[in-house]
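Reading through the structure tokens given below for one structure.
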Amino acid sequence: MYLKFVFHDSQMPNEFGDGGAESVYYSNDLRVFSNIDKEKLDFLGPYSKLNLFVGANNSGKSRFLRGLLKSEKGMFEISSSEQNIKSCIEKYQKWIDKEYSLLNSLNHLVATEVSKIMHEVNRMQDDYNKIVGNPDSYLPKLEEIISKEDLDISEIKKKTGGLMESSPIDSTRTRALFKKLELFDILKSFRDEIKFSTKNQVKNKLYIPILRSIKKSTKINERAFVETVVELYDLKEQMYKIFTGLDLFDQVLNIRNDLKEQRIGFERFESFLSKYFFGGKSVEIISHLQENVLRVYVDGEERKIHDIGDGIQSIILLLFPIFTAHTNTWIFIEEPETYLHPGLQRIFIETLINDDFLKTKNLRYFFTTHSNHLLDKSIESNEISIFQFEKKSKERFDIKTNVKPNKEVLDLLGVNASSVFLANTSLWVEGPTDRKYISKFLRLYCEHHENEYLKEDIDFAFFEYGGNLIAHYLFEEDEFEENPKEVREKINSFALSKKIYLLADSDNADMRTAKGKRRIELEKLSAESENFEYQSTVVREIENLLPKVTIKNYMKKLVKKEAEDKLKKIDFKQSDFEKVGIAKFYMDNFKEAGIPVSKQRKFKPDGKSETLNSTYKTGLCDFFLNSNISYEELILNNPKLDQILGNLYDFIEN
């Protein structure tokens, strides 16, 4: 999602201008906001479901967040890319100006058909607010026009023998029809942009300031925090909801007596607390009228809200208004990490991204943060955007977009990531895709066995050892120069104070080589230590543990459209790809199915490597993560993975 600021007659938030002085925000050297020059503005984005605003103190991030909160509906336009509704209309007009006369010279009948389309579309060239405010006046007619494209495609295929590429030898009518398809593509973009902009219109806004608490006191009026932030930041309560937590008692009381559809979000919130913090036991939050206090009942056992720990109180404060928010609410939170253990920060972020109920509400989140734990999560998810703010001068603020945190290369004994020390078990994996696979494997395992979810950064934390001493020790052949005994001693000393589970790709290592012998030594160390577990993938690498259905369905991503029909011929067993590199396995199957290399994507790196290149390796991982696969499908004809996950779960739990 992208935003483009526009100004019409809306009143500008004072965060974007101070007493007439110029205030300018730049993104990647392009001006995206100016309270003086309001015409020459560019797009800001991409925004995702979750957007993190980072930067040093006084860098403009909180100021921008509140400015966006206070921006009225007519102050910005929403688009799916840097081509918005206005861009689509301009592209349509340019096509008409440039191509219509050529079309008419090719075939007058086709030009007449296009002229009728022009008559309808020309009446749709309205401004953004009018279109998204009344999409039903535009979309049905666009759909009707676009539906006629299929007739033109069928005619083209009949005349070209199925080819969909224009040629100089085609008849003038066929060439005219190809030209007409260009217009259909423009109109489809116009239609899609209207749908996206309409679907993502902000309906409500919620602001959770840094001044917040759910601990009531007779000495503090429940309106005190709200009135303070309203006065400090010149907020308008009638335009957006401000939640500080002090009135949680009244909100719980009201929602329990509300209509059923309003209570659903609250009930889902109680289910969330049950699942993550109370071992699946029933949870009820009740406003106790006589004592004027919130109470939490866990399987009927009563607990006062202030007795359940600061971390869970903070989770309740943050997630209660989110679970009970209306659809298409934009949620603005100042430093959500306050009072949250790193593990709770991860649970909070993962809930926002993955919870099925929240997904149905089409919420968007905007946070200011100083938390490296929230930033680290962005490495694993494509639903998080980071905006880095820097104050260049009194008037100028720079915003870097598409920022990703740099993961420092950790030395074997220099594991300084705080989450590794705070969690009960550290899982040592080779790289980011291994980390993602194990996370999903464990989640499916817990769901299948109805076990309590393991909490990342509390029960376990990942350490990626790729490129470090341990990686050379595990994967290099005889040229490894370090002292193997010293490496084992370092691992053992670290395991004295922290449980370590080390997962390494098998790579079909020959146990007679120095590399193989080092693996054997690690297995001995694992057998001798209760705190260290060495586990080989058994198969060649972690991708070879994926279920057959994933490996099979991903083939469509590796061939061009015209070769997809030949994939139906391909069939294989789980055991067929256990010991071979995945890229080689795909190439061998494509060759056998008669799919030439020219019809394949470039998914294998140059040289002797048999594995996927980094782009398609990551793509396969994302493809699996986004699938709705069950644990039964995951382990079908795959007992090795079932055993690995069972042992891993037991190691973490015990």
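Residue numbers (the working numbering): 805 to 1458. We put the beta carbon where it would ideally sit given N, CA and C, even for glycine. Because the structure is a prediction, the values reported are computed rather than measured.
Environment of residue i [buried if 16+ CB atoms lie within 10 Å]
i     : result
A1129 : buried
Q1117 : buried
R927  : exposed
M1043 : exposed
T1341 : buried
G1083 : exposed
T1459 : No statement about residue 1459 is possible, as the shown extent of the chain runs from 805 to 1458 and does not include it.
P944  : exposed
G859  : buried
L1452 : buried
I957  : exposed
G1271 : Because the pLDDT at G1271 is just 48, under 50, the model does not fix this residue reliably, and the value given afterwards should be weighed accordingly. Per the 10 Å Cβ criterion, exposed.
I900  : buried
R1239 : buried
E1041 : exposed
A915  : buried
L1063 : exposed
L955  : exposed
Q1005 : exposed
Proximity to residue i [Cα-Cα], best of the options
i     : options                    : result
H1110 : C1425, L1098, V1102        : L1098
F1171 : L1162, P1140, I1456        : P1140
R1200 : R867, N855, M805, L1162    : R867
G1104 : T1155, K1372, T1205, S1086 : S1086
H1092 : G1113, L1052, E1366        : L1052
F994  : F809, L1246, I950, L1452   : I950
P1146 : N1176, G965, Y1169, K1395  : N1176
L807  : G859, S884, K952           : S884
E1345 : I1018, L1307, Y1338        : L1307
N1474 : D1369, N1417, E1347, L856  : Nothing about residue 1474 can be read from this structure; the chain reaches only from 805 to 1458.
F1127 : F1161, F1266, S975         : F1161
E1457 : K1259, I1439, F1407, F1267 : K1259
F1381 : V1343, N1061, K1408, M1359 : V1343
S1182 : N1206, N911, L1167, L848   : N1206
I1120 : K992, T976, L1326, Q1149   : Q1149
G878  : K1007, L856, V918          : K1007
I1046 : H1253, G1113, L1010        : L1010
Collapsed DSSP secondary structure at residue i in the structure displayed
i     : result
Q929  : coil
A1461 : The displayed coordinates of the chain run from 805 to 1458. Any statement about residue 1461 would go beyond what the structure contains.
N1442 : coil
F1284 : At F1284, the pLDDT of 47 sits below 50, so the modelled position is not reliable and the matter cannot be decided from this model.
R1200 : strand
E1260 : strand
N1082 : The question names Asn, but residue 1082 in the sequence shown is Phe. Residue state, collapsed to three classes: coil.
T1131 : coil
V1342 : coil
K1408 : coil
T1048 : coil
G859  : strand
F1249 : Reading off the sequence, residue 1249 comes out as Tyr, not Phe. Of the three classes helix, strand and coil, the one that applies to Y1249 here is helix, per DSSP.
E1138 : strand
Q1192 : strand
V1363 : strand
E953  : helix
L1178 : helix
E1337 : strand
F1267 : strand
F820  : helix
M805  : coil
S1330 : helix
N810  : The identity of residue 810 in the sequence shown is Val, whereas the question assumes Asn. Of the three classes helix, strand and coil, the one that applies to V810 here is coil, per DSSP.
Neighbour flag for residue i against chain B, beta carbons, 8 Å
i     : result
E1396 : Of the chains in the structure shown, none is chain B; there is only one protein chain.
*Identify every run of the alpha helix (DSSP H) within the region 881–946, keeping only runs that are complete inside it and at least 4 residues long; order them along the chain.*
889–910, 912–926, 932–937
*Is there contact here, the region 1447–1456 with the region 1421–1431, by at least three beta-carbon pairs under 8 Å?*
no
*Examine the Cβ distances between the region 1019–1034 and the region 994–1003 and report whether three or more of them are shorter than 8 Å.*
no
*Using 8 Å as the threshold, is the region 979–989 in touch with the region 903–915, meaning 3 or more CB pairs across them?*
yes
*Are there three or more Cβ pairs, one per stretch, closer than 8 Å when the region 1392–1399 is compared with the region 1408–1419?*
no
*Does the count of Cβ pairs from the region 1188–1200 and the region 861–880 closer than 8 Å reach three?*
yes
_Using 8 Å as the cut-off, can you tell me whether the region 953–967 makes contact with the region 882–896, which would need three or more C-beta pairs spanning the two stretches below that distance?_
no
*At what residue ranges does the region 1055–1120 contain a whole run of the alpha helix (DSSP H), taking only runs of 4 or more?*
1064–1081
*Counting Cβ pairs closer than 8 Å, one from the region 1354–1364 and one from the region 1376–1392, do we hit at least three?*
The region 1354–1364, when compared against the region 1376–1392, does touch it at the 8 Å Cβ threshold.
_Cβ contact (3+ pairs, closer than 8 Å) linking the region 1240–1248 and the region 1429–1440_ = yes
*Quick one: complete alpha helix (DSSP H) runs, 4+ long, within the region 1367–1418?*
Every unbroken stretch of the alpha helix (DSSP H) spanning 4 or more residues and falling wholly within the region 1367–1418 is given here in chain order: 1386–1396.
_Threshold first: 4 residues or longer. Then list the alpha helix (DSSP H) segments lying entirely within the region 993–1045, N to C._
1028–1037
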